[in-house]
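First comes the structure, then the notes that go with it.
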Amino acid sequence: MPYTPAADRYDRMTYRRCGRSGLMLPAISLGLWHNFGHDTPHGVKQAICRTAFDHGITHFDLANNYGPPPGSAEEAFGDILRTDFAGFRDQLIISSKAGYLMWDGPHGEWGSRKYLIASCDQSLKRMGLDYVDIFYSHRVDPDTPLEETMGALDHIVRSGRALYVGISSYNSARTREAAAILKELGTPCVIHQPSYSILNRWVEDDGLKETLDDLGIGSIAFTPLAQGILTSKYLGGIPAGSRAAQGKSLDPGTITPRALASVRALADVAAARGQTLAQMALAWVLRPGKTGPGITSALIGASRPEQVTDCAGAIRNLDFSAAELAAIDAIAEEPEINLWAQSSSA
Ligand SMILES: NC(=O)c1ccc[n+]([C@@H]2O[C@H](COP(=O)([O-])OP(=O)(O)OC[C@H]3O[C@@H](n4cnc5c(N)ncnc54)[C@H](OP(=O)(O)O)[C@@H]3O)[C@@H](O)[C@H]2O)c1
60 MPYTPAADRY DRMTYRRCGR SGLMLPAISL GLWHNFGHDT PHGVKQAICR
110 TAFDHGITHF DLANNYGPPP GSAEEAFGDI LRTDFAGFRD QLIISSKAGY
160 LMWDGPHGEW GSRKYLIASC DQSLKRMGLD YVDIFYSHRV DPDTPLEETM
210 GALDHIVRSG RALYVGISSY NSARTREAAA ILKELGTPCV IHQPSYSILN
260 RWVEDDGLKE TLDDLGIGSI AFTPLAQGIL TSKYLGGIPA GSRAAQGKSL
310 DPGTITPRAL ASVRALADVA AARGQTLAQM ALAWVLRPGK TGPGITSALI
360 GASRPEQVTD CAGAIRNLDF SAAELAAIDA IAEEPEINLW AQSSSA
């Protein structure tokens, strides 16, 4: 059955300016890290992407290594672009990244010019694209000069492979250095992709949020639901098929009785706001910052289309009273779930 996107999709979403750039992003974006590899039926991937676009989610976030196996998420999305989204390329913001291990040998990871440019070419081929909208350095490479990594991003834009560039999981100090180099090269850093959620506030502790406001760089927060912990899905135990049951990136050991007691209390705050916990967790990430507009977009993942619909509903209530924010702060403790802390502080 051919797919026709919902006619009212742009009335269902709000769009926010990415820093001081011309790029507008949906408040909720969809990432294809999990559930887009060979372990998931193609029909499920298709249904998730269709539902996202039907809700005005125009931004799809990928990386070279998403799968399993690495690369297969980009291949699957390339198929969806050809079958479902043909004719809609100019309505989509598609991103990819390079930084983590992608191929054997010394040129298959980190931040060299050799790796970044080759990886971008591979990503374009897998997706069947002429260009991506945003290309990221996925993580700091402590051994490659930042000038080389940023120079590669600049080249990727100048050669027509990407329209904008960004960085992911760079701490505040590294972000200032990277942004200065990119500015000098004439290719501005438009976006930063850090992890951020009610349970993971390193961007506040590090001063990154203020740095981004200061520099006029937009931001997209990944794992805003703490990989599913900030939903009600684990309150009754670990469901079969859930991420915590898959032995991948979410350690079931983090879902402790103490953590669940906090999640239950957060769900009560959400219910009093007329939201699901997932919706409140996304709205919290999107609340205004102390020194600027705050996070531009919340980058969710989903294993089912219904989850996308639930998450997209977050935008119906993005306002918090001071009492609600204080209640959330009082409940939230910081479990050790920031898997990206090492890169952030490199
Ligand atoms: N730059 C980086 O280094 C980096 C690192 C990680 C992620 N990312 C990006 O961020 C994206 C999002 O990461 P993430 O998938 O970990 O984000 P997340 O939104 O925190 O977690 C997504 C998971 O939460 C559950 N979920 C989502 N909506 C739900 C709902 N409404 N109700 C109940 N459960 C719900 C699903 O779990 P189940 O699968 O168990 O159903 C889903 O797979 C990735 O796809 C990727 O694009 C970037």
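Just so you know, we're using my numbering here: the sequence shown kicks off at 60 and counts up by one. Virtual Cβ for every residue (Gly too), placed ideally from N, Cα, C.
- If you look at Pro204, you'll find it isn't in any beta strand (DSSP E); DSSP assigns it neither H nor E.
- Here the alpha carbon of Thr290 sits roughly 10 Å from the alpha carbon of Pro283.
- Inter-residue distance for Ala304 and Gly287 is about 12 Å (C-alpha atoms, whole angstroms).
- In terms of side-chain proximity, the C-beta atom of Arg302 is found nearer than 7 Å to a non-hydrogen atom of ligand 1.
- Ranked by Cα distance from Arg79, the options Asp388, Ala386, Gly277 and Arg375 are led by Gly277.
- Fully enclosed beta strand (DSSP E) runs of no fewer than 3 residues occupy 118-120 of the stretch 93-126, in order along the chain.
- For Ala357, the three-state secondary structure derived from DSSP is strand.
- With a contact defined as Cβ atoms closer than 8 Å, Cys179 and Arg220 qualify at about 5 Å.
- Between Ala237 and Ile226 the beta-carbon gap is near 5 Å, inside 8 Å, which marks them as a contact.
- With a cutoff of 7 Å, His197 counts as near ligand 1, since its C-beta is closer than that to a heavy atom of the ligand.
- Residue pairing by DSSP places Leu84 opposite Arg75 in a beta bridge.
- Assigned with DSSP and collapsed to three states, Ala221 falls in strand.
- For the 8 Å CB-CB criterion, Met83 and Glu133 do not form a contact.
- Within the chosen limit of 7 Å, ligand 1 does not reach the beta carbon of Trp162 with any heavy atom.
- The three-state secondary structure of Asp192, taken from DSSP, is strand.
- Counting only residues of its own chain and dropping the five nearest sequence neighbours on each side, Gly295 has no CB closer than 6 Å to any other CB.
- Secondary structure of His251 (DSSP, three-state): strand.
- Between Ile215 and Ile240 the beta-carbon gap is near 14 Å, outside 8 Å, which marks them as no contact.
- For Ser155, the enclosing beta strand (DSSP E) covers residues Ile152 to Ala157.
- The residues Ser256, Ile257, Pro283, Leu284 and Leu289, in chain order, have a CB closer than 7 Å to that of Ala340 in the same chain once the five nearest residues on each side in sequence are set aside.
- According to DSSP, Phe281 shares a beta bridge with Ser254 and Leu358.
- In this structure, Arg148 sits away from Thr355, with a CB-CB distance that is not shorter than 8 Å.
- In this structure, Asp120 has its CB closer than 7 Å to one or more heavy atoms of ligand 1.
- Using a Cβ distance threshold of 8 Å, Leu89 and Ala373 do not count as a contacting pair.
- For Gly146, the three-state secondary structure derived from DSSP is coil.
- Here Gly275 carries a coil assignment [DSSP, helix/strand/coil].
- Collapsing the DSSP output to three states places Gly130 in coil.
- In this structure Met161 is buried. Its beta-carbon is surrounded by 16 or more other beta-carbon atoms within 10 angstroms.
- Between ligand 1 and the CB of Ala285, the shortest heavy atom gap is smaller than 7 Å.
- Taking the CA atoms as reference points, Arg68 sits about 5 Å from His114.
- Within the DSSP secondary-structure output, Gly90 pairs in a beta bridge with Asp120.
- Residue burial annotation: Asp98 is exposed, with fewer than 16 other C-beta atoms found within 10 angstroms of its C-beta.
- Ranked by Cα distance from Pro127, the options His118, Ser231 and Trp92 are led by Trp92.
- If you compare the alpha carbons of Ala324, Ala326, Tyr293 and Leu325 with that of Asp310, the shortest gap goes to Tyr293.
- Collapsing the DSSP output to three states places Ile226 in a strand.
- Around the beta carbon of Asp264, fewer than 16 other beta carbons lie within 10 angstroms, which makes this residue exposed.
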